[in-house]
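Below is one structure; the comments refer to it alone.
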Amino acid sequence: MDHVIPQLDGTYKFDTMHDVVQIDEKGFYVKKIGQHVYVLTGKDGCPSEEPPIQAVQSKRYITKVMFLCAVGRPRGGWDDTRPVSITRDISRRILVNDVIPAIKAKWPQDQKHLPIKIQQDNARPHVLADDFEVAAAGCADGWAIKLVNQPAQSPDLNCLDLGFFASIQSLQSKTIPRTPDELIKEALQSFQASTVVLLNKIFLTLQHVMEHILKNEGRNNYRLGHLHKEKLIHAD
């Protein structure tokens with residue numbers, strides 16, 4: 010209910026969510042598990058090329074690349090291909106050194122004193138919402154940036170899961186990257202191709218999800234209908 014504003018006529022309206030930056034991370038395997046490929050055949054129906062062979066002992070031997078992304082409604086990243094485990098210290102460093110400075114660089118400077126919320130999920134490597142170093146970085150130079158956790162067990166309440174990460178998976182199935190560097194390149198291209206219009210539509214979808222969750226008393230057994238986003242955008 011944090012994003013619901015009561016109106017004078019007794020109805021309710023979602024706020025613009027312009028004060029929210031959502032962050033999330035997702036791991037992608039360099040080689041897709043169980044991927045289907047097409048093999049060219051000759052006139053006699055026999056294969057004219059050798060099918061690709063990929064063999065590993067188990068899934069844990071396939072290189073996994075972790076991405077962290079931060080987006081706001083419309084108003085990013087880091088590249089390190091060394092194998093590392095994402096820990097709370099690393100999450101803190103990314104927030105303090107990358108995410109918060111990027112927000113300050115892109116945010117309207119005349120609104121720096123207004124509350125800005127960075128929403129993270131409840132993954133174990135994430136820092137606590139009241140982490141001192143993150144809070145200090147968020148308040149430095151007159152800013153009012155604070156960290157909040159999204160509701161537990163609610164992946165549908167993150168616009169990255171609703172849009173951007175799905176587009177990376179779709180692109181990965183078309184291009185078939187073979188190395189971590191190729192996968193990172195594809196992810197960056199997908200992010201750069203995301204438009205302001207697309208991001209705004211994803212936030213509209215997020216608000217639609219919130220509405221259904223409220224109607225279903227917190228349950229996720231709902232079905233999203235057609236939202237007519239273009240009409241909603243012009244109505245705003």
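Under our numbering, think of the first position of the sequence shown as 10, with each following residue one higher. Glycine included, each C-beta is placed from N, C-alpha and C at the ideal position. The structure displayed is predicted, hence computed values, not measured ones.
DSSP places Met-75 outside any alpha helix (DSSP H); the residue lies instead in the beta strand (DSSP E), whose first and last residues are 73-81. With respect to the C-alpha of Cys-148, the residue from Gln-159, Ile-125, Gln-162 having the closest C-alpha is Ile-125. Cβ-Cβ distances below 6 Å link Lys-183 to nothing in the same chain once the five nearest sequence neighbours on each side are left out. Annotation: the continuous alpha helix (DSSP H) that includes Ile-211 extends over 205-224. The Cβ-Cβ distance between Asp-28 and Leu-169 does not fall below 8 Å. CA-to-CA, the gap between Leu-156 and Ile-127 works out to about 5 Å. Judged by beta-carbon spacing, Asn-131 lies within the 8 Å limit of Asn-158, meaning their Cβ atoms are closer than that value.
Between Leu-77 and Ile-103, the beta carbon gap of about 6 Å places them in contact (Cβ cut-off 8 Å). The Cβ atoms of Phe-173 and Phe-200 lie closer than 8 Å to each other. Annotation for Lys-113: the continuous alpha helix (DSSP H) segment containing it runs 109-115. In the structure shown, Glu-34 adopts extended strand secondary structure according to DSSP, grouped into three states. Residue environment for Pro-160: exposed (fewer than 16 other C-beta atoms within 10 angstroms of its C-beta).
In this structure, Arg-187 and Asp-140 do not form a Cβ contact; the two beta carbons are roughly 38 Å apart against a cut-off of 8 Å. Take the alpha-carbon of Ile-193 and the one of Arg-82: they are about 24 Å apart. In terms of Cβ geometry, Val-48 and Glu-58 form a close pair [threshold 8 Å]. When the five nearest sequence neighbours on each side are left out, the beta carbons in the same chain lying within less than 8 Å of the beta carbon of Gly-36 are those of Lys-73, Val-74, Met-75, Phe-76, in order along the chain.
Between the alpha carbons of Ile-109 and Ala-146 lies a gap of roughly 7 Å.
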